[in-house]
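Taken in order, these protein sequences are the chains called A and B.
The numbering of the first sequence is this note's numbering, which starts it at 13 and goes up by one.
The numbering of the second sequence is this note's numbering, which starts it at 143 and goes up by one.
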Amino acid sequence: MVHSVGDQETQRPDVLLLVLALFPASMFLVLLYALITQPLPWAASWTWVPSLGIDLTLWVDGLAAQFLLLITGIGTLVLIYAAGYLAGVTGRARVALLLLLFMAAMIGAVISDHLIVLFMFWELTSVLSFLLVGFSHEQENTRRSAQQALLVTGLGGLALLAGFILLGQIAETYSIQDLIARADRFVGDARLSAALLLIFAGAFTKSAQFPFHFWLPNAMAAPTPVSAYLHSATMVKLGIYLLARLDAAFSDLLLWEVVLVAVGTSTAVGAALQTMRERDLKRILAWSTVATLGTLTMLVGLPGQGAALAVATLFFAHALYKAPLFFVAGNLDHGAGTRIIDQLTGMRRYMPWTAAAALLAAISMAGLPLSFGFIAKDVLTIAKAESEVFKAVSYASVFVSGVSVAAAAVAAIHVFWGRDTVPREAHPHEGSWPMLFPPLLLVTLGVLFGLAPTLVDPILGAAARAIAPGLDADAVRNAYDATPVISATLSAVLIGVVIYRNWDRMHALLERAHFLDVLGPESWYWRKLAFLPKLAAWLTRRLQHGRLPGYVLVLIGTCSVVLFALVGVTWPTWQAVEVSAPELPVLLACALIAAGALATLFVRDHLVLLLVSGLVGYGSAALFLFTGAPDLAFTQFAVETVFVVVAATLLVRLRRAPATASSALREPVLRPVALVVSITFAVVLTALLLFVSAQPFDSTLSEYFGAQSVPAAHGRNVVNVIIVDFRALDTLGEIGVLLFALLAALPLLRLGRGARSEAT
Amino acid sequence: MMWPLAPMLVPLATALLCVLTQSTPRRQQMISVVGATVLLITSTLLFLEVQQVGALRVVLGHWPLPFGIEFVADVLGTALALVAALMLNVTVLWQWSDADAAPSSPTLHPLLHGLVAGVCGAFMTADLFNLYVWFEVALMCALGLLAHGGGLHQLDAALKYFVLNVIGTMLFLVAVALIYAATGHLNFSALGDAMARLDAAVALPLYGLLLFALLAKAAAFPLYAWLPASYHTLPPPVLALFSALLAKVGIYAILRLFGNVFTPAPALLYDALGWIAVLSMIAGVLGAAYHWDMRRILAFHSISQIGYILLAIAMASRTGDTAAIFFTLHHSLVKASLILVAALVFRYTGHYDLRRCGGLYASRPWLGVAFLLLALSLVGIPPFSGFWGKYLIVREALSQGAYLWTACALLVSVVTLYSMMKIWLEAFWKPHPDPAWRAPEHVRLAPAWVGVSGLALVVLSIGVAPEALIGFADAAAGALRGDVP
């Protein structure tokens, strides 16, 4: 609910939104003119990302043209409506901007011939829908609904991406028209079923098909103009559009027919049942939209040419009656302050124009004669008769039509006729002209096209021919004369009247049917969504527990396992390697190193620890001494001594300051796992070292350095020449390391000094 | 002639000058800005030059190969150096704003430039031991920057970072030593030939150890603990620099060594890399889904995104390498920008913890636009930049029949969407939990905004006109694989 009742101050229409409506309006007119003067299809192409083979290819045939008319036409009316409905509401400019962006994305989606470009616009519509649904984002409920819509359609979108790429790889083209042209060449490919199932997942999430349908009624948290536009007239039909687009290529496949008919029918039946469980007019309309989308999916799946015509006609008819009904719901919300049908009766007295629009739209929705809905029902009946569907599908279809009649009656009769018995604070009021003009225009068009279907015959025929090439052009006119529709309409109206008379009883019965909630995919969605943070928490707490010893254990442990495996794999080669035993002095030096390293584990005093670790350095120096590098050995001795002396001095100075965060060192603990890991690590690494160094050594480098040291580098000490000339850059880097280490240590030293000055 | 050295020498010299001017902070900051600008100009020029004439090579001291240390500025290296220069400029610029900046201290600027010097040295060198040296330079500077705040949790982070990274670097050193012992070479091209001649059974463990050490550097599963343990303690501008550069050095080294120097490496390694990549993606994204602190969320996302890059490398094909290069460049920019946006969120709402911020969509819509654009890029929603990287990876994985990896990559991107949406819902859509809260009005954020919007524009332009970067990445991948047109 956006407005409070009787908020007369905000009744003046918003000029900005009316001006913005001129954009889609002019596009609509240009489009109409072009359709009359230029023969379809229109094609054009620009290169975009040539290295990925992605071109902006435009392809407008009858199907695209029908969508373009709906997008721009209804888009204009939605903006006009919003100018009244959102007048004086903060954030209306933002909504208008998002609506225009959404319109652009929709246009892009229906005119793109390249699968990936189509996908791009497809995803954009999902994102923009998220932003639009979240209009009243201060409410927790709205945020959850927006999140749900985006997660469900986003998940489907990724399946769609995978499906498109797979399809593109199978067909060796990403152009939809090429794909249709060469369909017979690749329909036997084993991967095609997987690709199609992925594409189904994408289309079903977008068009709210079972089991992904639940997000759509929740998306009714959006403001009414948004619901009318996105969640009834355009975006949710994008999935059906895609299926209809690809129908020409795959309609002969059994998978295509079975999945679409089964899913479409079960969606329609399920949604019809859910319709009767609602009391909120907008949610009733939402469920009946889902039912229509199910019927459309089923029709795309049906073989035969009549089905293609039925898809095109129902698309058109649905937009003409459902959008006005949403506007009606918005007017009620705006004028009477509620959308709950129990509190809405006899509204005709306060809102006569809205009542007229509701009645005419409802007649079309119920498929009664003299409305365009009747034509749609007619074509639909013929399509089903033509393709000999299962009896179950036929019965389901009659039931769905019946519920649709009842829902139409609720929206038009229950709400507007009868006596207003509900006590109210203020009188409900009629909407301003921008809120009346759009629904009245649409229902008038509905009546007009119902009386003279030849007016829309060209566009519907062209759309149907785009879905099923080679279709008979006069199909709509022929269909109008058919007789089976009379019996179909009669039975639907009969069922509808029974349901309408017993609406409250049915509602009470179904409301108690909680198994529909528990079994429904929506509860599954919430369970999964609640499961995700739990899983995330569980895993993250285990992997990122904050204890350094654990991290080190994982690092060293994984390394040991990897090396163990790799050495194990190549073990037969290693066995042949002869490893010579080291000489005694070398062994002694190694023992010194090992002793120093081991001792660090057991010493607690920092100063002693430092001295003991000095043993490691002295050991290495001894090792250098006995392996033919005496000068290096002396350097190492000197460095080690200086290091220990300097570090000890520092430690002694720091010690005067109170001890800070060094208590972790105080408690040596024996960790059995760590012991095993470190022994394994040491053994594996040593083995690898021994084996590799036992390989013949290519001494080109050292020989060159030895030979060139004096003549070319003018230095007698090869090691020095290597350091300052041959590999001077390494030395530069190491000097950098020293400098930066000092800079890194500065704050630590300052910390110590600061602590000391505090202490004194 | 010495051009390839410039991206390393300029920041090193700037660092030195900054050390010398420690006592006059104003002068130091001027030098820092000038140095960063000079670096940006030189690396741009170098990048353009290399684009035109191909890789530039220089051997230090004019020693013949393979005896001297060689520096090679090729398309990949210069592009990464350019990103490093760009990020350094943004970081230095940020220091001028009122946004959550690093506490100024005399060691900050030298360490920033030193980090970039180390990273750029690693991008340019063609010598395995020299690569180790630059790793060490970067490691030391990173340690200094982590400890720089001096708080207790910063020291804790620095300790974890240091210990884990030193182990990784030591393992790398052991691998270098073993490879030298087995081949007698350090120069990349000589090494490539020598390793190819080596007995496969000897080579395999060496490759394995080398890859392992680099994976620890690159923060891959299960060796990534250092990254989320330390990143969130950094001030945002430094964090942006870290996330753009630090793990990327490891990635770069893997790409260079296993996509260029040692090709073809044993297939077993690439398979293992693929699984590691998938596990990194999953563990990273779940970590992000778990946390509420924006900095932690973004840090964990880095692991997940590193998984994507590794998966691309594991494809071991030209397209795979193209994807990896594209993703690396894109991610450096996007992640850094997101961190800066998070810093602005912090500046406006006073918290990094999502549970305690809110109300920004109404009061700061442009920040919302910037975040949305960047977040959608990170998730990979078309036509934003991340999509193209994801598309390349998924397409290549599907064409190689790696269906399971593809499925994981796609599912992970749904969870990425979920966690980015979490930031949006909490920080932007939710009303601020404190009803008395008002966004601060008079704060000097212009330099911060210049940085964020500049990066966001770059990201946006990559998204709508991806051909330039994809074409470039493809050329770089071709150069790596040696099939230059």
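Glycine included, C-beta positions come from ideal geometry on N, C-alpha and C.
Small disclaimer: the values here were computed from a predicted structure and weren't measured.
What does the alpha-carbon distance come out to for the pair V581 (chain A) and L697 (chain A)? Taking the first sequence and counting its residues from 1, one reaches residue 581 (chain A) at position 569. Taking the first sequence and counting its residues from 1, one reaches residue 697 (chain A) at position 685. Taking the Cα positions, V581 (chain A) is about 15 Å away from L697 (chain A).
Between D710 (chain A) and chain B, is any beta-carbon pair separated by less than 8 Å? In the first sequence, counting from the first residue as 1, residue 710 (chain A) sits at position 698. Chain B contact via Cβ: present.
Residues of the segment 523-544 of chain B with a CB closer than 9 Å to any CB of chain A: list them in chain order, please. I523, P524, P525, F529, W530, K532, Y533, L534, V536, R537, L540 and S541
Do you know how far the Cα of M436 (chain B) is from the Cα of L773 (chain A)? No answer is possible for residue 773 (chain A): it lies beyond the span of chain A, which begins at 13 and ends at 772.
Please tell me whether W515 (chain A) and V422 (chain A) are closer than 8 Å, where the distance is taken between their beta carbons. Sequence index remark: in the first sequence, residue 515 (chain A) carries index 503 (1-based). Sequence index remark: in the first sequence, residue 422 (chain A) carries index 410 (1-based). Their beta carbons are under 8 Å apart, which means W515 (chain A) touches V422 (chain A) by this criterion.
Within 10 angstroms of the Cβ of A474 (chain A), are there 16 or more other Cβ atoms? Answer buried if so, exposed if not. Locating residue 474 (chain A) in the first sequence gives position 462, where the first residue counts as 1. So A474 (chain A) counts as buried.
So that I know if they touch, is there some Cβ in chain A lying closer than 8 Å to that of K359 (chain B)? The residue given as residue 359 (chain B) occupies position 217 in the second sequence. So, not an interface residue.
Quick one: does P759 (chain A) have its CB under 8 Å from some CB of chain B? Indexing the first sequence from 1 puts residue 759 (chain A) at position 747. Chain B places a beta carbon closer than 8 Å to that of P759 (chain A), counting this residue as a contact.
Check whether the Cβ atoms of F442 (chain B) and A430 (chain B) sit closer than 8 Å, and answer yes or no. Within the second sequence, residue 442 (chain B) is the residue found at index 300, counting from 1. Within the second sequence, residue 430 (chain B) is the residue found at index 288, counting from 1. Closer than 8 Å, so yes.
Distance check for L635 (chain A) and L348 (chain B), CA to CA, integer angstroms please. Taking the first residue of the second sequence as 1, we reach residue 348 (chain B) at position 206. Taking the first residue of the first sequence as 1, we reach residue 635 (chain A) at position 623. Cα to Cα, the separation comes out at about 24 Å.
Which residues, taken in chain order from the segment 165-182 of chain A, show a beta carbon closer than 7 Å to some beta carbon of chain B? Cβ contacts with chain B: G166, L167, L170, L173, A174, I177, L178 and Q181.
Can you look up H126 (chain A) in the DSSP assignment and give me helix, strand or coil? Numbered from 1 along the first sequence, position 114 holds the residue referred to as residue 126 (chain A). Three-state DSSP puts H126 (chain A) in a strand.
Buried or exposed, going by whether 16 or more other CB atoms sit within 10 Å of the CB of M229 (chain B)? For the purposes of this step, residue 229 (chain B) is identified with residue 87 of the second sequence, where counting begins at 1. It counts as buried.
Rounded C-alpha distance that separates G313 (chain A) from L597 (chain B): By one-based count along the first sequence, residue 313 (chain A) stands at place 301. By one-based count along the second sequence, residue 597 (chain B) stands at place 455. So the alpha carbons of these two residues sit roughly 47 Å apart.
Are P252 (chain B) and A371 (chain B) touching if we call contact CB-CB under 8 Å? Within the second sequence, numbered from 1, the residue matching residue 252 (chain B) stands at position 110. Within the second sequence, numbered from 1, the residue matching residue 371 (chain B) stands at position 229. In this structure, A371 (chain B) does not lie closer than 8 Å to P252 (chain B) by Cβ.
So for S187 (chain A), helix, strand or coil by DSSP? Walking along the first sequence from the start, residue 187 (chain A) turns up at place 175. DSSP places S187 (chain A) in strand when its eight states are reduced to three.
Along chain A, in chain order, which residues have C-beta atoms closer than 8 Å to that of E96 (chain B)? Limits of chain B in this structure are 143 at one end and 627 at the other, which puts residue 96 (chain B) out of reach.
If the cut is a Cβ gap below 8 Å, which residues of chain B does T570 (chain A) touch? As a working note, residue 570 (chain A) is residue 558 in the first sequence. Those within 8 Å of T570 (chain A) in chain B are F354, P364 and L365.
Taking contact to mean at least 3 C-beta pairs separated by less than 8 Å, is the segment 202-214 of chain B in contact with the segment 183-191 of chain B? no
Using only the alpha-carbon positions, how far apart do A676 (chain A) and A610 (chain B) sit? Taking the first residue of the first sequence as position 1, residue 676 (chain A) is located at position 664. Taking the first residue of the second sequence as position 1, residue 610 (chain B) is located at position 468. Bear in mind that a pLDDT of 46 at A676 (chain A), under 50, signals an unreliable position, so the model cannot answer this.
For the beta strand (DSSP E) that D67 (chain A) lies in, which residues bound it at each end? If you number the first sequence from 1, residue 67 (chain A) lands on position 55. D67 (chain A) -> beta strand (DSSP E) spans I66 to V72.
In terms of DSSP beta bridges, what is S57 (chain A) paired with? As a position in the first sequence, residue 57 (chain A) is number 45, starting the count at 1. In the DSSP output, where bridge partners are listed per residue, S57 (chain A) has A:T69.
Three-way DSSP call (helix, strand, coil) for L178 (chain A) in this model: Walking along the first sequence from the start, residue 178 (chain A) turns up at place 166. The answer is helix: DSSP assigns L178 (chain A) an H, G or I state.
Report the neighbours of H290 (chain B) on chain A: residues whose CB is nearer than 7 Å to its CB, in chain order. Within the second sequence, the letter at position 148 stands for residue 290 (chain B). In chain order: P759.
CA-to-CA distance, L143 (chain A) to P446 (chain A), given in whole angstroms: Working through the first sequence from its first residue, we reach residue 446 (chain A) at position 434. Working through the first sequence from its first residue, we reach residue 143 (chain A) at position 131. When rounded, the distance between both Cα atoms is 24 Å.
Residues bridged to N329 (chain B) [DSSP beta-bridge criterion]: Residue 329 (chain B) sits at position 187 when you count from the first residue of the second sequence. Bridge partners of N329 (chain B): B:D269.
Proximity winner among B:R586, B:E538, B:A539 and B:L520, relative to V557 (chain B) (alpha-carbon distances): Position 415 of the second sequence, counting from 1, holds the residue named residue 557 (chain B). Comparing Cα-Cα distances from V557 (chain B) to each of B:R586, B:E538, B:A539 and B:L520, the minimum goes to B:L520.
Counting only Cβ pairs nearer than 7 Å, list the residues of chain A close to L351 (chain B). Taking the first residue of the second sequence as position 1, residue 351 (chain B) is located at position 209. Those are L575, listed as they occur along chain A.
Specify the secondary structure class of I92 (chain A) as computed by DSSP and reduced to three states. Locating residue 92 (chain A) in the first sequence gives position 80, counting from the first residue. In this structure, I92 (chain A) counts as helix in the three-state DSSP scheme.
Please classify K403 (chain A): is it buried, with 16 or more other beta-carbons within 10 angstroms of its beta-carbon, or exposed? Translated into the one-based positions of the first sequence, residue 403 (chain A) becomes position 391. K403 (chain A) is classed as exposed because its beta carbon has fewer than 16 other beta carbons within 10 Å across all chains shown.
Take T11 (chain A) as the anchor and find which of A:L541, A:I375, A:L619 and A:L623 has the nearest alpha-carbon. Nothing about residue 11 (chain A) can be reported from this structure: the residues present for chain A run from 13 to 772 only.
Thinking C-alpha only, which one of A:T102, A:V628 and A:F649 is nearest L637 (chain A)? Numbered from its first residue, the first sequence carries residue 637 (chain A) at position 625. Comparing Cα positions, the closest option is A:F649.
Around the C-beta of V234 (chain B), are 16 or more other C-beta atoms found within 10 angstroms, so that it is buried, or is it exposed? By one-based count along the second sequence, residue 234 (chain B) stands at place 92. So V234 (chain B) counts as buried.
Looking at chain B, is there any beta carbon in it that lies within less than 8 Å of the beta carbon of Q556 (chain A)? Start at 1 with the first residue of the first sequence, and residue 556 (chain A) comes out as number 544. Yes, Q556 (chain A) counts as interfacial toward chain B.
Against chain B, does L685 (chain A) count as a neighbour if the rule is that its beta carbon must be under 8 Å from one of theirs? The residue you call residue 685 (chain A) lines up with position 673 of the first sequence. A quick correction: the sequence has Val, not Leu, at residue 685 (chain A). Taking Cβ atoms only, chain B never reaches closer than 8 Å to V685 (chain A), which makes this a no.
Let's test the definition: count the other Cβ atoms within 10 Å of the Cβ of G256 (chain B) and tell me whether it reaches 16, buried, or not, exposed. Translated into positions along the second sequence, residue 256 (chain B) becomes position 114. Burial call: buried.
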